[in-house]
Structure formats: C-alpha cells, structure tokens
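K.L.:
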Amino acid sequence: MTETTKARKTREPVPHIAAALALGDDALVLSHRLGEWAGHAPVLEEEVALANIALDLLGQARVLLSMAGDEDELAYLREERAFRNVQLVEQPNGDFAHTIARQLYFSTYQRLLYAHLAAGDGEFAGLAAKAVKEVAYHQDHAEQWTLRLGDGTEVSHERMRRACQALWRFTGEMFQPVEGLDVDGEGIRAVWLESVSAVLRQATLDVPEGPQSGAWSAGAGRQGLHTEPFGRMLAEMQHLHRSHPGASW
Amino acid sequence: MVTSPTPTTPLEAELLRLAGSVPDPELPVLTLEELGVLRAVHVRSADSVEVELTPTYTGCPAIEAMSLDIERVLHEHGIREVSVHTVLTPPWSTDDISPEGRRKLREFGIAPPRTGLAPGPVPLALGPTRTTVPDTGPQDRPQDPDPVRCPHCGSADTELLSRFSSTACKALRRCLTCREPFDHFKEL
Numbered sequence: 030m031t032e033t034t035k036a037r038k039t040r041e042p043v044p045h046i047a048a049a050l051a052l053g054d055d056a057l058v059l060s061h062r063l064g065e066w067a068g069h070a071p072v073l074e075e076e077v078a079l080a081n082i083a084l085d086l087l088g089q090a091r092v093l094l095s096m097a098g099d100e101d102e103l104a105y106l107r108e109e110r111a112f113r114n115v116q117l118v119e120q121p122n123g124d125f126a127h128t129i130a131r132q133l134y135f136s137t138y139q140r141l142l143y144a145h146l147a148a149g150d151g152e153f154a155g156l157a158a159k160a161v162k163e164v165a166y167h168q169d170h171a172e173q174w175t176l177r178l179g180d181g182t183e184v185s186h187e188r189m190r191r192a193c194q195a196l197w198r199f200t201g202e203m204f205q206p207v208e209g210l211d212v213d214g215e216g217i218r219a220v221w222l223e224s225v226s227a228v229l230r231q232a233t234l235d236v237p238e239g240p241q242s243g244a245w246s247a248g249a250g251r252q253g254l255h256t257e258p259f260g261r262m263l264a265e266m267q268h269l270h271r272s273h274p275g276a277s278w
Numbered sequence: 034m035v036t037s038p039t040p041t042t043p044l045e046a047e048l049l050r051l052a053g054s055v056p057d058p059e060l061p062v063l064t065l066e067e068l069g070v071l072r073a074v075h076v077r078s079a080d081s082v083e084v085e086l087t088p089t090y091t092g093c094p095a096i097e098a099m100s101l102d103i104e105r106v107l108h109e110h111g112i113r114e115v116s117v118h119t120v121l122t123p124p125w126s127t128d129d130i131s132p133e134g135r136r137k138l139r140e141f142g143i144a145p146p147r148t149g150l151a152p153g154p155v156p157l158a159l160g161p162t163r164t165t166v167p168d169t170g171p172q173d174r175p176q177d178p179d180p181v182r183c184p185h186c187g188s189a190d191t192e193l194l195s196r197f198s199s200t201a202c203k204a205l206r207r208c209l210t211c212r213e214p215f216d217h218f219k220e221l
C-alpha cells in the first residue's frame with residue numbers, strides 16, 4: 030500500500046462532505062454550462078442573464094466546495110468519476126429551449142431544496158438561506174421563458190416540447206437521497222412535479238409521461254457515473270489549470 | 034435593518050467608521066456602510082484587527098476588492114495585521130441598504146430596491162416582457178401599489194426589459210414616460 034492510498038483509507042468519510050460535494054458539483058457544473066453561452070446567446074439581455082445566473086451558481090459552488098476541501102483542487106484536479114453532480118446539469122446546452130428546460134427543472138428543485146435546508150440548522154443552513162433568494166430569480170427567469178417559448182410560435186412551441194421531453198429522464202435523480210442531507214426526496218418530488226406541471230400546462234406544453242430516470246443510467250451522477258458529454262466539458266474546464274498549475278491573472 | 038454592527042470600544046467604533054467609509058468597487062457612490070455589508074470589527078491586539086464582511090450575492094466578485102480596500106485603509110491607519118472574513122449568516126438583504134444609500138443610488142441613475150419585499154414566489158403572468166403591442170396609455174395598465182420609479186423623471190410608469198442587467202443584483206428597466214432605460218437594484 031502506498032502512502033497516498035493509506036492516507037485516503039484512514040480518512041473517515043464525513044457525511045456533510047459528501048453532501049457538500051453533491052450540491053457543490055451541481056452548482057459548479059451548471060455554472061460552467063451556462064457560461065458556455067457567453068458570446069452565443071440569442072440576444073444581449075440573455076447573454077447577460079445567463080452569465081449572471083452562472084455567477085450566482087459559481088459563488089454557491091465556491092462556498093460548498095470549500096466546505097469539502099480546497100475549492101480549486103476539487104474543481105480542477107478531480108477525474109470525471111469523482112464528480113457527484115446529477116446528470117441533468119451536465120447535459121449540453123443544446124438549443125436555447127434545452128437550456129431553458131434544464132433551468133426550469135433544476136432551479137425549481139434547487140429552490141425547494143435550499144428552502145428546506147435554510148429552515149433547518151445544519152451545516153448548509155447559512156448558505157441555503159442566502160442562495161434561495163438568488164435561485165428564486167433563476168426560477169422566475171426559467172418560468173417566464175418556458176411560457177414565452179411554449180405559448181409562442183409553432184417553432185418555439187415544438188422546440189420547447191422536444192427539450193422538456195428530452196431532459197425529463199434526467200429529473201428523477203434529483204430526488205434520490207444524498208448522504209449527509211436530511212431531506213425528504215419524495216416530498217420534494219411531489220411539490221416539484223406540481224410546480225413544473227403548472228408552468229408547462231400554462232405554457233400549453235404536455236407534462237412528459239416517461240420515466241424520470243433512464244434504466245441505462247439509473248441516474249447515477251451522484252455515484253460518479255456520468256454521461257458522455259461530461260468528459261469533454263471537464264477537459265475544457267480543467268485544461269488551463271492542469272496545463273499551467275497555479276496560473277493566475 | 035437586520036444587522037447594524039455594534040462596536041464595543043471607541044477604537045472599534047473608529048475602525049468601523051474607517052472601514053465603512055470605503056467606497057463600493059462597483060458602485061463607488063455608495064460606501065460599504067451604506068450598502069450594509071460591513072458586519073463587525075474586532076480588535077484582537079494592539080495592531081491586529083479582524084473585520085467581518087458579508088457578500089451581497091454569494092458569487093459577488095466585488096467582495097475581494099472590498100477586502101483589499103478595507104485592508105489598505107486600516108493599514109494606512111497603522112493597523113499592522115488586518116484579516117477580513119466573509120460571513121453568510123444572517124444573509125444580506127437589500128433592506129440593509131441605508132436611506133442615504135438609497136438616495137445616492139437614485140441620484141446615480143439606479144432605481145433603489147423597494148423595502149420589505151422578499152423575492153419570494155413571483156406570480157406568473159403570461160405576457161410580453163417588452164411592449165410589442167400598441168400601448169394605449171397608463172390607464173390601461175394594472176396598478177402596482179409599489180411601482181419601481183424612474184430614477185430620472187420619477188415616473189411610476191416603467192417596464193421590465195431584462196431580469197438581469199450589468200450585474201446580478203440589478204434588473205434592466207425602461208421608463209415609459211421619459212423613455213430612458215435604467216438599472217433597478219433588485220430586491221433580495
């Protein structure tokens with residue numbers, strides 16, 4: 030046994046670290062995906078809006094990852110299998126409708142989760158109380174766009190419908206238990222479903238009927254199993270830090 | 034006001050005043066005291082001081098510039114060791130901005146946040162975010178009991194252009210009376 034594996038073995042897994050990684054990776058990965066829109070958004074206001082949402086998420090990620098260790102090491106030096114984010118947030122931006130559907134699904138969940146954590150007195154209560162107010166704006170942004178696109182033109186309706194369908198199978202994973210978090214996943218799922226369904230119906234879109242997790246993936250992002258596009262995203266995100274360790278502006 | 038820092042000694046009060054006089058790096062018309070982000074100053078020894086600072090938004094990049102500015106000001110005042118800590122609890126709210134801060138924001142061309150408005154559930158109203166249909170005048174628009182007023186002409190007749198503007202803490206609006214676009218410091 031080498032020194033490093035010995036050190037790793039003796040380190041006791043602390044439940045709140047597992048949870049900080051799960052929530053921190055969700056925020057970090059979605060932040061990076063939204064940042065990819067910079068220079069490509071359909072209108073300037075959206076460019077700014079998506080970058081601002083990304084910045085909020087990055088701030089949350091920094092606090093959460095710092096609770097689990099060194100934020101830079103965790104973000105830039107972990108391999109794909111060590112990331113604990115749900116697969117939903119790593120899905121590519123696709124067209125604008127895909128990005129909005131991902132935002133709708135995730136921000137609704139994140140707001141419910143943070144509201145729950147903020148009401149408790151655990152390690153995450155402070156951050157959650159602060160972030161839940163930021164996420165309220167993210168959710169509002171996603172809902173307004175879902176309405177405009179769903180109840181818009183024939184083309185926007187069709188694209189929004191396709192996006193909501195395509196991402197549906199990644200939603201079930203958000204409600205799985207997370208080690209170190211005292212959260213009633215099924216309770217959150219019920220409120221989430223009601224909230225998302227109301228928005229979709231008002232946007233003249235059908236609530237997708239398929240299963241909320243694919244059998245092939247079993248929604249295993251929290252266990253370190255990720256979808257194919259995630260590796261390429263990480264390569265781009267980590268490239269600079271790995272090539273130039275300790276680089277600074 | 035959720036949090037007014039309470040200094041315990043004359044020296045802490047003096048240092049709090051100094052640190053609080055540092056201008057916000059993004060909105061230099063405001064001081065950190067007026068923005069309400071300075072939580073406490075603790076004197077640890079003759080030349081060592083701890084400062085508690087809270088971010089407006091969790092990801093606000095200005096917090097690093099604020100920390101450096103506070104360190105510089107206190108160093109200039111002869112404090113050798115200054116450490117600035119970030120605290121999240123209780124969370125900052127736009128209600129922490131002082132009345133003087135609000136007046137300065139308006140003067141600077143930014144509509145100040147309204148007080149006592151948590152960004153709780155936003156009612157969903159399906160409609161264009163821009164005026165895409167011929168507008169028949171203010172009499173036909175729904176009355177908002179606490180409208181965002183144009184910082185230039187004071188009109189209550191303004192519309193939302195984008196929920197996120199030059200920074201995460203602002204929204205972009207337009208005045209329908211004087212037609213000027215303006216930033217609105219969002220309630221948080």
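Line by line, the protein sequences are chains A and B.
Throughout, the working numbering is defined as the position within the first sequence, counted from one, plus 29.
Throughout, the working numbering is defined as the position within the second sequence, counted from one, plus 33.
Think of the CB as a built atom: it goes at the ideal place given N, C-alpha and C, for glycine as much as any other residue.
Quick caveat, the model's predicted, so the values are computed rather than measured.
Compare the beta carbon distance of residue 155 of chain A and residue 68 of chain B with 8 Å and say whether it is the shorter of the two.
P.N.:
It is not a contact, given that the beta carbons lie outside the stated cut-off.
K.L.:
Taking just the CA atoms, how far does residue 140 of chain B sit from residue 191 of chain A?
P.N.:
Cα-Cα distance, rounded: 47 Å.
K.L.:
Need the endpoints of the alpha helix (DSSP H) that residue 128 of chain A sits in, please.
P.N.:
125-148
K.L.:
Taking C-beta to C-beta, are residue 215 of chain B and residue 184 of chain B nearer than 8 Å?
P.N.:
yes
K.L.:
Sorted by chain position, which residues of the same chain lie with C-beta nearer than 6 Å to residue 132 of chain A's C-beta, five sequence neighbours on each side aside?
P.N.:
171
K.L.:
Since residue 259 of chain A is in the alpha helix (DSSP H), which residue starts that stretch and which ends it?
P.N.:
257-272
K.L.:
Taking the alpha-carbon of residue 193 of chain A as reference, which of A/206, A/174, A/210 and A/211 has the nearest alpha-carbon?
P.N.:
A/174
K.L.:
Say whether chain A places a C-beta atom closer than 8 Å to the C-beta of residue 189 of chain B.
P.N.:
no
K.L.:
Hey, would you say residue 270 of chain A sits closer than 8 Å to residue 138 of chain A, going by beta carbons?
P.N.:
Cβ distance not < 8 Å, so residue 270 of chain A and residue 138 of chain A don't count as in contact.
K.L.:
Alpha carbon to alpha carbon, what distance is there between residue 124 of chain A and residue 195 of chain A?
P.N.:
12 Å
K.L.:
Nearest-angstrom Cα distance between residue 45 of chain B and residue 217 of chain A?
P.N.:
46 Å
K.L.:
Pop quiz: residue 253 of chain A and residue 113 of chain A are said to be a contact at Cβ under 8 Å. What is the actual Cβ separation, rounded to whole angstroms?
P.N.:
7 Å
K.L.:
Ignore the nearest five residues each way along the sequence and tell me which others in residue 167 of chain A's own chain have a CB closer than 6 Å to its CB.
P.N.:
82 and 136
K.L.:
Excluding sequence positions up to five away, which residues of its chain have a Cβ less than 7 Å from the Cβ of residue 65 of chain A?
P.N.:
122
K.L.:
Helix, strand or coil for residue 209 of chain B? Go by DSSP, reduced to three states.
P.N.:
coil
K.L.:
For the beta strand (DSSP E) that contains residue 214 of chain B, what are its first and last residues?
P.N.:
From DSSP, the beta strand (DSSP E) with residue 214 of chain B extends over 214-218.
K.L.:
Under 8 Å, do residue 86 of chain B and residue 99 of chain B count as touching if we go by C-beta distance?
P.N.:
yes
K.L.:
In whole angstroms, what separates the C-alpha of residue 161 of chain B from that of residue 141 of chain A?
P.N.:
Its pLDDT being 45, under 50, residue 161 of chain B is placed unreliably by the model, and the measurement read from it follows with that caveat. Near 27 Å, if we compare the C-alpha coordinates of residue 141 of chain A and residue 161 of chain B.
K.L.:
Take every Cβ of the region 194-214 of chain B, pair it with every Cβ of the region 73-90 of chain A, and state whether three or more of those distances are shorter than 8 Å.
P.N.:
yes
K.L.:
Identify the contact partners of residue 201 of chain B in chain A, using a Cβ-Cβ distance below 7 Å as the criterion.
P.N.:
81, 84 and 85
K.L.:
Less than 7 Å separating the Cβ of residue 116 of chain A from some heavy atom of the ligand FMN?
P.N.:
Looking for the ligand FMN in the displayed structure turns up nothing, as the structure carries no ligands at all.
K.L.:
Taking all protein chains shown into account, do 16 or more other C-beta atoms lie within 10 angstroms of the C-beta of residue 178 of chain B, making it buried, or fewer, making it exposed?
P.N.:
exposed
K.L.:
Just grab the DSSP bridge partners of residue 162 of chain A for me.
P.N.:
Its beta-bridge partners do not exist; DSSP assigns none.
K.L.:
What's the gap between the Cα of residue 72 of chain B and the Cα of residue 38 of chain B?
P.N.:
5 Å
K.L.:
Alpha helix (DSSP H) containing residue 73 of chain B: first to last residue?
P.N.:
Residue 73 of chain B -> not in any alpha helix (DSSP H); beta strand (DSSP E) instead, spanning 71-78.
K.L.:
Considering Cα atoms alone, identify which of B/105, B/218 and B/112 is closest to residue 78 of chain B.
P.N.:
B/112
K.L.:
Spatial neighbours of residue 102 of chain B within its chain, please: C-beta separation below 6 Å, excluding the five flanking residues on both sides.
P.N.:
55
K.L.:
Let me confirm a value: residue 202 of chain A is counted as buried when at least 16 other C-beta atoms fall within 10 Å, else exposed. Which label applies?
P.N.:
buried
K.L.:
Identify the contact partners of residue 39 of chain B in chain A, using a Cβ-Cβ distance below 9 Å as the criterion.
P.N.:
Result: empty, since nearest Cβ-Cβ is about 21 Å, beyond 9 Å.
K.L.:
If you reduce the DSSP assignment to three classes, tell me which class residue 82 of chain A lands in.
P.N.:
helix
K.L.:
Are the C-beta of residue 220 of chain A and some C-beta of chain B separated by less than 8 Å?
P.N.:
no
K.L.:
What alpha helix (DSSP H) runs, 4 residues minimum, are completely inside the region 66-137 of chain B?
P.N.:
95-109
K.L.:
Which parts of the region 47-108 of chain A are runs of the beta strand (DSSP E), unbroken and 3 residues or longer, counting only runs that do not cross its ends?
P.N.:
none
K.L.:
Opposite residue 143 of chain B in the DSSP bridges: which residues?
P.N.:
B/216
K.L.:
Assuming residue 79 of chain A and residue 63 of chain A make a contact with CB atoms under 8 Å, what is their CB distance in whole Å?
P.N.:
5 Å
K.L.:
In whole angstroms, what is the alpha-carbon distance linking residue 84 of chain B and residue 117 of chain B?
P.N.:
5 Å
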